[in-house]
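Right, here's the structure in full:
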């Protein structure tokens with residue numbers, strides 16, 4: 050019996066060994082399985098369709114017609130940084146493109162009417178990303194206007210109404226401000242820098258450093274990057290395909306058509322007012338973000354223009 054067990058064990062060992070040898074031979078002789086080929090091919094395709102490269106800077110780079118001195122290596126490095134950051138931060142760039150298609154048609158004619166170069170619409174992009182944001186210092190809206198500046202230039206700014214959130218009116222204020230300081234500085238580039246740092250700071254640095262242009266100034270990081278960032282945004286948004294962005298017409302955000310309603314009395318509840326036009330409070334505020342509270346005092350009987358969206362663009366109220 051013991052002898053029989055030993056014989057069976059030897060036979061089993063020989064069988065297993067033979068099976069392993071056969072498997073090794075087959076693996077050496079046969080090509081890779083289709084599954085392995087597909088995985089390798091997919092890896093290759095991913096690498097081919099997404100490549101990270103340096104960015105070619107346009108030779109004619111300028112802001113408002115004022116050329117950037119790209120032969121200066123220090124300037125070129127700063128320009129290159131902004132192109133790399135704004136090109137490869139793809140999600141942000143796509144959002145800026147989508148919003149620009151919606152809001153540039155509002156901003157562009159106001160700039161043109163006031164003789165302010167069209168490039169300043171990209172300053173609004175750099176300031177706020179075309180959103181009604183509020184900075185830690187209290188600068189507000191697309192153009193990041195401070196409360197005192199808004200009031201100085203004729204905007205109504207209080208708890209009830211804050212016209213810094215009004216795109217058309219705040220753009221007009223930005224134009225008035227920019228033209229004032231262009232007359233003082235004689236340069237649109239310095240004017241843009243002054244919009245960010247404040248005119249007083251730019252005047253102080255020009256005098257202290259004994260230079261007369263933005264590109265020769267040593268500034269803090271934010272203002273030192275500011276004009277270069279605007280130029281990079283301008284180039285990328287103007288030629289998105291050149292930088293690898295592929296958006297179709299239907300990808301962009303668009304304005305919902307509206308009609309205007311005059312209000313020259315107090316409004317007890319804007320939600321009730323919205324209901325009269327078959328929209329809700331959220332939609333009313335979306336089209337009139339300068340209305341800051343749920344009511345309007347209006348003791349002076351001032352006339353306000355309220356934008357109401359045309360029917361058929363939003364869900365109907367139940």
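Residue numbers (the working numbering): 50 to 367. Built from N, CA and C at the ideal position, the CB exists for glycine as well.
| message | Spatial neighbours of residue 83 within its chain, please: C-beta separation below 6 Å, excluding the five flanking residues on both sides. | response | Because the pLDDT of residue 83 is 45, which lies under 50, any placement of that residue in the model is unreliable, and the question is left without a value.
| Can you name the start and end residues of the beta strand (DSSP E) that residue 307 belongs to? | 307-312
| Looking only at C-alpha atoms, which of 347, 345 and 329 sits nearest to residue 358? | 329
| message | At a cut-off of 7 Å, would you count residue 316 as near the ligand FMN, judging by its Cβ distance to the nearest heavy atom? | response | Ligands are entirely absent from the displayed structure, and the ligand FMN is therefore not among its contents.
| Inter-stretch contact (C-beta, 8 Å, three-pair minimum) for the segment 241-250 and the segment 177-187 | no
| task | Using beta-carbon positions only, say whether residue 261 and residue 267 come within less than 8 Å of one another. | result | no
| Exposed unless 16 or more other CB atoms sit within 10 angstroms - verdict on residue 318 | exposed
| request: From the DSSP output, read off the bridge partner residues of residue 353. | output: 312
| said: Pop quiz: residue 310 and residue 355 are said to be a contact at Cβ under 8 Å. What is the actual Cβ separation, rounded to whole angstroms? | reply: 5 Å
| request: Any chance you could list the alpha helix (DSSP H) runs of at least 4 consecutive residues sitting entirely within the segment 169-239, in chain order? | output: 169-177, 196-201 and 216-234
| said: I'd like the list of long-range same chain contacts for residue 187, defined as Cβ closer than 8 Å, with 5 residues on each side in sequence excluded. | reply: 195 and 196
| Roughly how many whole angstroms lie between the Cα atoms of residue 235 and residue 112? | 14 Å
| message | With three or more beta-carbon pairs closer than 8 Å as the criterion, would you say the segment 271-282 touches the segment 324-340? | response | no
| request: State the Cα-Cα distance for the pair residue 353 and residue 312, rounded to the nearest angstrom. | output: 5 Å
| How many Å lie between residue 202 and residue 225 at the Cα? | 8 Å
| query | Can residue 110 and residue 257 be called in contact, C-beta distance under 8 Å? | reply | no
| task | With DSSP as the reference, please indicate the residues paired to residue 358 in a beta bridge. | result | 307
| task | Starting from the Cα of residue 151, find the closest Cα among 325, 338, 300 and 108 and give me that residue. | result | 300
| Assigned exposure category for residue 339 - 16 Cβ within 10 Å defines buried | buried
| message | According to DSSP, residue 268 sits in a beta bridge with which residue or residues? | response | Its beta-bridge partners do not exist; DSSP assigns none.
| field | Cα-Cα separation between residue 116 and residue 335, rounded to whole angstroms | value | 39 Å
| query | Assuming residue 174 contacts residue 104 under a Cβ cut-off of 8 Å, what Cβ separation, rounded to an integer in Å, is found between them? | reply | Not a contact, Cβ separation roughly 18 Å.
| task | Please state whether DSSP places residue 243 in a helix, a strand or coil. | result | helix
| task | Specify the secondary structure class of residue 141 as computed by DSSP and reduced to three states. | result | helix
| Can you tell me where the alpha helix (DSSP H) with residue 103 in it begins and where it stops? | It is not in any alpha helix (DSSP H) - residue 103 carries neither H nor E in the DSSP assignment.
| Three-state secondary structure (DSSP) at residue 299? | helix
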